[in-house]
Amino acid sequence: MSGVQTPGRPSLTTPPKQAVGLWRTVGALLRKELLVELRTLESVPGMSLFALTTFVVFHFALNRDSVEGDLAAGILWVTLLFAAILGVNRLFVADADQGGYDAFLLAPVDRSAMFLAKTLTLLAFLVVLELVAVPAFALLLLGPPLGPALPGLLATLALGDVGIAVIGTLVAALAVQTRARDLLGPLLALPLFVPIVIGGARAVSPLLVQAHTGGVVEPPIRWLLTLGLYDLVFGLIAYALFDFLLED
Amino acid sequence: MQSPSRHPAGSSDTKHRPSGAVGTYGRGLRTLSLSTVIAIALALGLVFFYAPLEAEQGFLQKIFYVHVPLAIVALCGFVLGGLLAIQHLRTRDPRWDMRSYVVIHMSLIFAIGTLITGSIWAKGSWGHWWVWSEPTLVSFLIIFLLYATYQPLRFAIEDPERQARYASVFAITAGAFVPLNYIAVNLSTAYLHPRVFTSTSNLPGSMAFTLLVSMVAMALLFATLCKYELTAKHTRAQLRALRRRLAGDGVSPPARSRSAVPSLSHVAAPPAQAAGRSAL
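Protein chains in written order, with our numbering: chain A, 93 to 340; chain B, 24 to 303.
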């Protein structure tokens, strides 16, 4: 397909769009991704198990029975991030190796559907991962009670997940067609995740302090805004650029 | 796609060029180099003989006139690399990819310079080679770590067209990341530590003027180095194309060795043998 060299916009070579509605395509792709994951169980169980093991490793590496504040927020975010990278690395492998890309490119559908579907897939994986990892973290390592921190923690995690999903999808698509994809994926993703860690950890650490025993604790709004802005900007960038990765 | 030979050949060094492209890319190089040398000499003169000694840090503060311009030029270079990559994705002209590559490559070198000068400054004023409370240094480390994967990414993709496309996607993403990351790192330190370095807004006039001249000199240096690299790359590509034609191998496309450098196969071949595709 790359043999056809057109000097103009890529849209000249793309099939006529809107033959099938965007969201119908996204729905079909999302259903396919979730079905594949349900039948193969390749990503989510691995990610969850990895997170649990990492908590155990942290316990021994830090020689602490319980953590709180900055340390707790850091451990939680680092663990979730590394577990997410496992999912990011696998996100496009089946499509690239088994012809899913070609099939998708042959279909008369909007290519942005692939980006939206993959982002939603990764987001779903992350939510399931956190359903396992956060209670396990509270059980194994967290000193202060989880209850009062929970609303703020969930809000922060949701914003962080969106950012991880958006950047992870872009990076996964970028890395999967290269020869060193297992290496390049994490190397590309980690620096891009740094602002998410900054915002996420700063927002969560005041929630996980021993002093808060009664009532619900509010996360710092400034960091939630930072996270939201970062998600928005990178969402737009990734949405605009993703089509260029799907051209051959 | 515009052929290089269509450019008006009004340069001073036309007598040496074998065909159009070198003259186009080498044009103005001498003027640019000379003005860079003059600007750097002027900037150094101002730094050492005109700008006053800073009250607290004394002579050590002079590194400010190297560190800050390096940092600003590198940041602008990364963003410029992203803008050039946008142009590449819009036009599909490999020359834009080459420009983006060269600008990012040079910015990476300037970023290393920023890290080293910042480290020296930190050691001199606080006694530590690394301080996490200085947002410029920290964000440069993160940016450096991100852009350090640019060349490996290119190197890991064999098809030149796909390599250029993917590299452009990376360059745009990373170019947008540079200011965002800077803001995020600044936010994370601003409320914890008071800023130690003087910000540019409250500099005395003589220092601000010296900084401005240093900035211009550094920007000129950046432009000159980029232009040299671009000229060298284009000349080399053209030389290979001519050699291949001399060897009578103009028709069969040669096996391209793996490279992180953008391919200029569309551009390098002189118009007379446009059928014989050459590779860098």
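Glycine included, C-beta positions come from ideal geometry on N, C-alpha and C.
Among the residues of its own chain, which have a CB less than 7 angstroms from the CB of residue i, if the five just before and after it don't count?
i	result
His39/B	Since pLDDT at His39/B reaches only 42, below the 50 mark, its modelled position is unreliable, and no value is offered.
Val70/B	Lys85, Tyr88, Thr233 and Ser237
Leu103/B	Val126
Phe200/B	Leu169
Thr145/A	none
Ala265/A	Phe184, Phe334 and Leu337
When the distance is taken between beta carbons, is residue j closer than 9 angstroms to residue i?
i	j	result
Ala330/A	Thr261/A	yes
Ala199/A	Thr318/A	no
Trp155/B	Ser142/B	no
Ser148/B	Leu98/B	no
Val263/A	Gly327/A	no
Leu20/B	Met241/B	The requested residue 20/B does not occur in the structure, where chain B is confined to residues 24 to 303.
Glu160/A	Val268/A	no
Ala272/A	Pro175/B	yes
Arg182/A	Ser140/A	no
Thr248/A	Val286/A	no
Leu284/A	Val201/A	no
Ala197/B	Gly68/B	no
Arg314/A	Leu203/B	no
Val224/A	Ala143/A	yes
Val91/B	Pro158/B	no
Phe150/A	Thr171/A	yes
Leu158/A	Gly235/A	Note that residue 158/A is Ser in the sequence shown, not Leu. Yes, Cβ-Cβ distance for Ser158/A and Gly235/A is below 9 angstroms.
Ala216/A	Leu127/A	no
Ile132/B	Ile195/B	no
Cutting at 8 angstroms between CB atoms, please list the residues of its own chain near residue i, excluding the five before and the five after it.
i	result
Leu55/B	Leu243, Ala246, Thr247 and Lys250
Leu138/B	Leu160, Phe163, Leu164 and Phe167
Leu287/B	Pro117, Arg118, Met121, Lys256, His257, Ala260 and Leu303
Ile135/B	Phe167
Val226/A	Leu168, Leu238, Leu245 and Leu249
Pro312/A	Arg294, Ala295 and Pro298
Leu253/B	Tyr48, Met121, Arg122 and Val125
Please state the DSSP three-state secondary structure of residue i.
i	result
Leu233/A	coil
Glu125/A	helix
Val296/A	helix
Glu339/A	coil
Gly81/B	strand
Val201/A	coil
Val284/B	coil
Gly33/B	Residue placement at Gly33/B is flagged as unreliable, the pLDDT there being 39, under the threshold of 50; the coordinate-derived value follows with that caveat. Three-state DSSP puts Gly33/B in coil, outside helix and strand.
Val301/A	coil
Val192/B	helix
Val112/A	coil
Val224/A	helix
Val159/A	strand
Gln110/B	helix
Gln25/B	Only weak support exists for where Gln25/B lies, its pLDDT of 39 falling under 50; the value from the coordinates is given anyway. Note: Gln25/B maps to coil in three-state DSSP.
Thr261/A	helix
Glu134/A	coil
Ile139/B	helix
Gln269/A	coil
Val236/B	helix
Arg182/A	helix
Quick one: residues in its chain with C-beta nearer than 6 angstroms to the C-beta of residue i, no 5 flanking neighbours on either side, listed in chain order?
i	result
Gln186/B	Arg177 and Ile180
Leu212/A	Leu122
Tyr18/B	Because residue 18/B is not part of the residues shown, which for chain B are 24 to 303, the question remains open.
Arg203/A	Asp335 and Leu338
Val220/A	Val136
Lys109/A	Residue placement at Lys109/A is poorly supported in this model, since its pLDDT is 48, which falls under 50; the coordinates still yield a value, given next. The answer, listed in chain order, is Asp202.
Val341/A	The structure shown has nothing for residue 341/A, since chain A only spans 93 to 340.
Within 10 angstroms of its Cβ, does residue i collect 16 or more other Cβ (buried), or is it exposed?
i	result
Glu79/B	exposed
Tyr189/B	buried
Arg118/B	buried
Asp323/A	buried
Ala189/A	In the sequence as presented, Ala is not what sits at residue 189/A; that position holds Asp. By the 10 Å Cβ count, Asp189/A comes out exposed.
Leu299/A	buried
Val192/B	buried
Val289/A	buried
Phe334/A	buried
Tyr193/A	buried
Leu246/A	exposed
Arg129/A	Correcting the residue type first, residue 129/A is Glu in the shown sequence and not Arg. Glu129/A should be labelled buried.
Leu316/A	buried
Glu222/A	buried
Gly150/B	exposed
Glu310/A	exposed
Glu191/A	According to the sequence shown, residue 191/A is Gly rather than Glu. The residue is exposed, with fewer than 16 neighbouring Cβ atoms inside 10 Å.
Pro183/B	buried
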